[in-house]
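Visitor: Below you'll find the structure I mean.
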Amino acid sequence: VMLEKYEDFYYKNNSGELANRIGDWWDITDLDYKNRGLYPVMIDILKYWATMGLDGFRCDVASFLPKDFWIEARESIAKINSDFIWIAESVHTSAVKSMRDSGLGALSDSEVFEAFDITYDYDIHHDYLGYFKGENSLQKYLDSIMLQESIYPANYVKLRALENHDQPRIASLIRDYDKLLNYTAFNSFLKGATMIYAGQEARADHHPDLFNVDKVDWSKLDESKEISEIISKIALLKKNDEIFVNGAFKINKMFVDGLVHVEYENKEKTVHGLFNLGGVNGYQKLGVPELDEELFTNILTGEQVQIFQGNMPIYPRPVIIEILIE
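Heads up: the sequence shown is residues 551 to 876, going by the working numbering.
Written out as structure tokens, the structure is:
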């Protein structure tokens with residue numbers, strides 16, 4: 551019906567045939583957003599679904615559409631629901647560069663944030679996956695996370711994910727269970743929102759086919775219950791404490807390569823997450839030398855951990871503690 555009524559809204563190649571701008575996307579035909587008459591038609595479709603009670607949109611490859619369209623769409627939907635959530639599947643930086651080099655245009659994450667509440671973490675995904683491939687260090691990935699703190703709006707929200715429909719299953723990259731628990735806790739504890747891909751909590755390691763029936767393997771769900779528990783506990787912790795919204799976020803120096811120390815701080819307290827991504831041993835400096843032989847509760851397990859002269863032993867599994875500032 552759309553094609554019959556609005557043929558001019560569709561992208562065509564040099565031969566006048568319906569096509570898409572990305573050659574290997576064989577299963578789609580692009581809309582041509584150079585035609586401004588397309589805007590109200592697409593926005594009316596979005597408004598229809600918003601009036602049906604949806605609370606948000608996740609927009610596929612949002613970086614490839616014009617910024618002014620997204621801004622106009624957001625303003626229109628806000629009149630229906632001012633609390634509507636906009637999630638953008640923003641793209642890898644290499645894809646932005648490639649599209650711009652081809653003269654097709656693409657939005658950086660900074661531009662996407664002008665219209666969206668949350669963007670994918672693809673801007674640093676190459677460093678995340680590169681660490682598993684041995685192409686870069688863990689520190690390079692951590693530095694990329696901290697770079698986001700200075701290049702995006704102060705209220706930016708990233709969608710942190712270990713895996714998704716286009717990327718490898720984390721259980722296929724990490725076979726060690728304790729390491730997997732640490733990566734799960736680390737990802738959930740990072741500043742931003744967390745996305746869980748169906749089957750991740752059951753250690754599914756097969757990447758599903760997107761075009762055929764390919765059911766998730768739930769056989770290891772019961773024996774992987776700690777994964778769901780960690781995700782739930784950290785989600786509840788972040789939801790109920792404003793330090794994760796308004797506090798200073800930082801990733802501290804690794805004194806032992808493979809032990810990541812994430813910290814949130816405000817005037818009342820600090821919250822520390824220690825994640826043993828490398829399966830290492832030793833001690834981590836917490837920056838509180840005045841604490842000696844003091845016990846703190848690991849929020850994830852309820853177990854006691856001890857600090858010696860500002861140092862905490864590195865544990866096999868993730869630790870999150872809260873230290874009040876006196």
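Quick reminder that beta carbons are idealized off the backbone N, C-alpha and C, glycines included.
According to the neighbour-count rule (16 or more other Cβ atoms, all chains shown, within 10 Å of its Cβ), is His715 buried or exposed?
Guide: Result: exposed.
Visitor: Note down, in chain order, each residue of its chain lying with its Cβ closer than 8 Å to the Cβ of Gly808, except the 5 sequence neighbours on either side.
Guide: Correct list, in chain order: Leu688, Asn826, Leu827, Gly828, Gly829 and Val830.
Visitor: Just how far apart, CA to CA, sit Asn848 and Ile781?
Guide: Taking the straight line joining both Cα atoms gives about 15 Å.
Visitor: From the DSSP output, in three-state form, read off Glu567 for me.
Guide: Here Glu567 sits in coil by DSSP.
Visitor: Quick one: Cα of Val806 to Cα of Gly832, how far?
Guide: Answer to the nearest angstrom: the Cα atoms are 7 Å apart.
Visitor: Using beta-carbon positions only, say whether Ala638 and Phe666 come within less than 7 Å of one another.
Guide: Contact: yes.
Visitor: Name, in chain order, the residues that DSSP records as bridge partners for Ala743.
Guide: Per DSSP, Leu709.
Visitor: Please state whether DSSP places Gln717 in a helix, a strand or coil.
Guide: Coil at Gln717, not helix or strand.
Visitor: Going by other Cβ atoms of all chains shown within 10 Å of its Cβ, with 16 needed for buried, is Asn732 buried or exposed?
Guide: Buried, because 16 or more other Cβ atoms sit within 10 Å of the Cβ of Asn732.
Visitor: Go through its chain and collect everything with a Cβ distance to Asp764's Cβ below 7 Å, but skip five positions before and after it.
Guide: Same-chain partners within the cutoff: Pro758.
Visitor: According to DSSP, is Tyr814 part of a helix, a strand, or is it coil?
Guide: In this structure, Tyr814 counts as strand in the three-state DSSP scheme.
Visitor: Rounding to the nearest angstrom, what Cα-Cα distance links Asp651 and Ala645 in this structure?
Guide: Using only the alpha carbons, I get a separation of about 10 Å.
Visitor: Thinking just about the alpha-carbon of each residue, which of Lys584, Glu567 and Arg586 is nearest to the one in Ile578?
Guide: Taking only the C-alpha atoms, the option nearest Ile578 is Glu567.
Visitor: With a 10 Å radius around its C-beta and 16 neighbouring C-beta atoms as the bar for buried, classify Val795 as buried or exposed.
Guide: Val795 is exposed by the Cβ-count criterion.
Visitor: With 16 as the cutoff for other CB atoms within 10 Å, does Ala735 come out buried or exposed?
Guide: The residue is buried, with at least 16 neighbouring Cβ atoms inside 10 Å.
Visitor: Going by DSSP, what residues sit across from Arg608 in a beta bridge?
Guide: Its beta-bridge partners are Ile637.
Visitor: Run through DSSP, which three-state label would Ala645 get?
Guide: In the structure shown, Ala645 sits in a helix (DSSP, three-state: H, G or I).
Visitor: Closest by CA to Met696, which one among Arg725, Phe761, Asp673 and Gly655?
Guide: For Met696, the nearest C-alpha among the options comes from Asp673.
Visitor: Taking the alpha carbon of Gln698 as the reference point, which residue from His675, Gly653, Ser565 and Ile784 has its own alpha carbon closest?
Guide: Taking only the C-alpha atoms, the option nearest Gln698 is His675.
Visitor: At what residues does the alpha helix (DSSP H) containing Glu554 begin and finish?
Guide: Counting along the chain, the alpha helix (DSSP H) containing Glu554 begins and ends at Met552 to Lys555.
Visitor: Going straight from the alpha carbon of Lys617 to that of Ile593, what length do you get?
Guide: Straight-line Cα distance between these residues: approximately 14 Å.
Visitor: Taking only three categories from DSSP, how would you classify Ala882?
Guide: It is not possible to answer for residue 882, since the shown part of the chain is limited to 551 through 876.
Visitor: Within the same chain, show all residues whose beta-carbon is closer than 6 Å to that of Asn620, passing over the 5 residues directly before and after it, in chain order.
Guide: Checking the sequence shown, residue 620 turns out to be Trp, not Asn. Same-chain partners within the cutoff: Ala665.
Visitor: Leaving aside the five residues before and after Val766 along the sequence, list all residues of the same chain whose C-beta is less than 8 Å from its C-beta, in chain order.
Guide: These residues qualify, in order along the chain: Ala748, Gly749, Ala752, Ala754 and Pro758.
Visitor: Report the rounded CA-to-CA distance for Ala600 versus Lys629, giving the unit in angstroms.
Guide: Computed Cα separation, rounded: 10 Å.
Visitor: Please report the distance separating the alpha-carbon of Ile701 from that of Ser660.
Guide: Going by the C-alpha atoms only, they are around 8 Å apart.
Visitor: Assuming Val821 and Ile875 form a contact by the criterion Cβ under 8 Å, report the distance between their Cβ atoms to the nearest whole angstrom.
Guide: Not a contact, Cβ separation roughly 11 Å.
Visitor: Using 7 Å as the threshold, is the C-beta distance between Val662 and Ser640 below it?
Guide: Cβ distance < 7 Å, so Val662 and Ser640 count as in contact.
Visitor: If we ignore side chains and look at the alpha-carbon of each, how far apart do Phe846 and Glu779 end up?
Guide: Their Cα atoms are separated by approximately 20 Å.
Visitor: Taking the Cβ atom as the reference point for each residue, do Lys819 and Asn861 lie within a distance shorter than 7 Å?
Guide: Cβ distance not < 7 Å, so Lys819 and Asn861 don't count as in contact.
Visitor: What are the uninterrupted segments assigned as beta strand (DSSP E) that are 3 or more residues long and contained completely in the segment 831-863, given in chain order?
Guide: Runs of the beta strand (DSSP E) inside the segment 831-863: 833-835, 844-847, 854-857 and 861-863.
Visitor: Does the separation of the CB atoms of Tyr670 and Leu723 fall below 7 Å?
Guide: No. Outside cutoff.
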